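J.: Okay, handing you the structure first.
Encoded structure:
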């Protein structure tokens with residue numbers, strides 16, 4: 766059972782470099798999300814996509830862009846990486862039941878990103 | 169905006185004992201959902217238990233149960249018969265009438281053999 770797959774698992778970048786984090790889910794979920802996790806701050810929402818073709822900002826969108834390529838894939842791009850973007854990034858997906866947002870989110874294993 | 173507060177950064181419990189992790193939240197919505205996630209050292213985020221606000225009965229999943237106090241906006245997690253594999257970060261999370269999930273800052277649980 767693949768679930769939510771993130772690539773890569775680890776990455777080191779230099780300040781100013783660009784990079785795209787990839788995420789794919791095989792559960793036919795409509796909604797997908799990108800979070801960052803920093804020590805002592807829990808998970809914070811960067812961007813989310815409620816359905817194919819739509820994206821919306823979360824709590825901390827600055828410095829990031831996203832693309833919902835199709836129903837399965839949702840990528841996160843850092844155009845010009847900064848040390849403040851050093852973090853662990855999680856992708857997640859979920860669906861609705863009876864038009865309610867009551868379903869849990871399923872998470873990938875995370876990407877540890879270091880910006881030097 | 170909704171907020172989720174976990175006031176215990178760290179907790180410890182003897183193996184086989186019971187521990188309760190606290191969570192409070194702030195919302196003006198009447199229909200919402202609450203979750204506890206576990207994050208072991210492997211970094212995976214694993215759903216432990218969930219509660220729908222309109223249900224008065226507290227959710228249970230084997231050794232895990234919640235004490236949901238809607239009026240007090242409290243959602244604590246009780247782990248019975250603690251096992252070494254329960255050692256992890258535990259996050260409380262809130263989802264209201266939209267797609268967004270709001271997390272608390274987490275509680276690190278240590279199991280003492």
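Residue numbers (the numbering used here), protein chains in the order written: chain A, 766 to 881; chain B, 169 to 281. Glycine included, each C-beta is placed from N, C-alpha and C at the ideal position. As the structure is a prediction and not an experimental result, all values here were calculated from the model.
#1: Below 8 Å on the Cβ atoms is my contact criterion, and I expect residue 856 of chain A with residue 797 of chain A to pass it. Report the Cβ-Cβ distance as a whole number of Å.
#2: Could you round the C-beta distance between residue 179 of chain B and residue 187 of chain B to whole angstroms and report it? I think they count as a contact, below 8 Å.
#3: Is residue 254 of chain B helix, strand or coil when you go by DSSP?
#4: Report the neighbours of residue 186 of chain B on chain A: residues whose CB is nearer than 7 Å to its CB, in chain order.
#5: Just verifying my parser: in three-state terms, what is the DSSP assignment at residue 734 of chain A?
#6: Whose CA, out of B/264, B/248, B/272, B/263, lies closest to the CA of residue 257 of chain B?
#7: For residue 881 of chain A, which residues from the same chain have a beta carbon less than 6 Å from its beta carbon, with the 5 sequence-adjacent residues on both sides left out?
#8: Quickly, what does DSSP pair residue 246 of chain B with across the bridge? List them, please.
#9: Between A/871, A/795, A/850, which lies nearest to residue 802 of chain A when the distance is taken from Cα to Cα?
#10: What are the start and end residues of the beta strand (DSSP E) that includes residue 219 of chain B?
#11: Quick one: which residues of the region 193-216 of chain B get their C-beta closer than 7 Å to a C-beta of chain A? List them in chain order.
#12: Just to confirm my understanding: we take residue 795 of chain A, look at its own chain, exclude 5 residues before and 5 after, and list those with CB closer than 6 Å. What are they?
#13: Shorter than 9 Å from the beta carbon of residue 238 of chain B to some beta carbon of chain A?
#14: Do we get a CB-CB distance below 9 Å when we pair residue 828 of chain A with the residues of chain B?
#15: Where does residue 738 of chain A fall in DSSP's three states?
T.: Put simply:
#1: 7 Å
#2: 6 Å
#3: helix
#4: Those within 7 Å of residue 186 of chain B in chain A number zero; the least Cβ separation is about 24 Å.
#5: Nothing can be reported for residue 734 of chain A: it is not among the residues displayed for chain A, which extend from 766 to 881.
#6: B/272
#7: 779
#8: B/188, B/233
#9: A/850
#10: 214-220
#11: 201, 203, 211, 212, 213, 215
#12: 816, 860
#13: no
#14: no
#15: Because chain A in this structure spans residues 766 to 881, residue 738 of chain A falls outside the shown range and cannot be described.
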